[in-house]
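Residue numbers (my numbering): 11 to 177.
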């Protein structure tokens with residue numbers, strides 16, 4: 011049942027984003043969505059304990075996550091611009107590797123956290139080993155921002171709210 015739902019959601023997304031309804035484009039959409047559904051089965055629907063209601067809650071929470079992460083990316087862009095373009099910024103630049111342990115449990119939540127960190131300019135996820143993340147940052151400011159745990163908390167709100175209630 012999950013593969014069918016994933017395929018239909020991907021196909022709906024394809025139709026909305028492409029805006030083309032001829033046989034050629036719809037055929038490409040079907041082929042693409044089938045391939046993505048098959049390739050990503052372990053990532054997208056390996057946890058079958060969650061019902062459709064929980065999945066819809068996650069989707070709604072993720073939609074609320076997008077403006078927040080967008081704002082974080084904008085702030086980091088401005089900081090990296092300052093680092094690159096001003097004398098004060100060049101003095102502040104101090105590349106480093108930060109290591110921290112996450113309380114997130116599922117691989118998917120860790121995947122979203124790692125990609126959210128990498129999406130933020132000035133930081134990149136270098137390695138994840140178990141629950142330990144190794145992140146390269148360009149400055150103390152970015153390290154401090156990362157270690158507040160704000161991104162991790164937001165990811166947990168979306169994909170693992172039960173973990174937050176235990177903390």
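For glycine and all other residues, C-beta sits at the position ideal for the given N, C-alpha and C.
Keep in mind it's a predicted model, so treat the numbers as computed, not measured.
Taking all protein chains shown into account, residue 161 has 16 or more neighbouring C-beta atoms within 10 Å of its C-beta and is therefore buried. The criterion of a C-beta distance shorter than 8 Å is not satisfied by residue 88 and residue 102. The three-state secondary structure of residue 163, taken from DSSP, is helix. In the structure shown, the three-state DSSP call for residue 59 is coil. With a cutoff of 8 Å on beta-carbon distance, residue 106 and residue 135 are scored as not near each other. Closest in alpha carbon position to residue 73, among 118, 43, 165 and 176, is 165.
If you draw a straight line from the Cα of residue 86 to the Cα of residue 33, it is about 43 Å long.
Where residue 128 is concerned, the enclosing alpha helix (DSSP H) starts and stops at 117-129. Spanning the alpha carbons of residue 44 and residue 24 requires a straight line of approximately 12 Å.
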